[in-house]
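Residues in the sequence shown are numbered from 4 upward in steps of one, following this note's numbering.
We put the CB at the ideal spot given by N, CA and C, even for glycine.
Everything below concerns the one structure shown next.
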Amino acid sequence: MKDQNCAYCMQGELVAKFGYPICQMDSGYLYLFKEQSKKGRVILAYKDHVSELVDISAEDRNAFFADVAKVAKAIHKIYHPNKVNYGAYGDTGCHLHMHIVPKYEGQDEWGSTFTMNPDKLYLTDEEYEAMAEEIRQAL
């Protein structure tokens, strides 16, 4: 089921405002978050339009978290963050998704919750594609 107003469901211009497509995974779709002040920040969006973890089966939930772990492992391998933060919000866009946010000691926001969109660092399409390919290879 898809919601015509949902960026993750429609996967086109709406998601392109904030995400660059990396790949399809078992449980959903992986995007590079365009604002890259936390180098390697990505979003894993669940394959179906559901709002809550409790809206999916235990098997699907386990597959989603297995993909989150797989992505986090790739991010650690490539970018060597000191910590990865995980955020599942969706108060305004009610589609199950997880922000996977590398944090680097000594950088802005170390020791605190990451800002949803600090609006500080954007890259070129070529730079997004290079990062996306690096992540694809690490998965």
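Just how far apart, CA to CA, sit residue i and residue j?
i, j, result
"Val87", "Gln7", "32 Å"
"His100", "Phe68", "11 Å"
"Gln110", "Lys50", "33 Å"
"Ala10", "Glu16", "8 Å"
"Gly96", "Tyr32", "16 Å"
"Asp70", "Ser30", "7 Å"
"Ala48", "Leu124", "22 Å"
"Ser40", "Gly90", "16 Å"
"Glu55", "His98", "8 Å"
"Ala135", "Val57", "30 Å"
"Glu145", "Met28", "The shown model of the chain, from 4 to 142, leaves out residue 145, and the question about it has no answer."
"Ala19", "Val53", "20 Å"
"Ala133", "Leu126", "11 Å"
"Gly114", "Ile103", "16 Å"
"His83", "Gln14", "29 Å"
"Cys12", "Lys5", "5 Å"
If you reduce the DSSP assignment to three classes, tell me which class residue i lands in.
i, result
"Cys97", "coil"
"Ala141", "helix"
"His83", "coil"
"Asp128", "helix"
"Lys123", "coil"
"Glu136", "helix"
"Phe67", "helix"
"Gln16", "Checking the displayed sequence, the identity of residue 16 turns out to be Glu instead of Gln. Of the three classes helix, strand and coil, the one that applies to Glu16 here is helix, per DSSP."
Measure the CB-CB distance between residue i and residue j and report whether it falls below 8 Å.
i, j, result
"Pro105", "Arg44", "yes"
"Ala77", "Leu142", "yes"
"Ile81", "Ile138", "yes"
"Tyr92", "Tyr23", "no"
"Phe21", "Lys42", "no"
Can you name the residues that DSSP bridges to residue i?
i, result
"Asn88", "Val104"
"Gly22", "Phe36"
Exercise for review: Jot down the residue ranges of each uninterrupted beta strand (DSSP E) in the stretch 26-65, minimum 3 residues, whole runs only, in chain order.
Suggested key: Entirely contained in the stretch 26-65, the beta strand (DSSP E) runs reaching 3 residues are, in chain order, 31-36 and 45-49.
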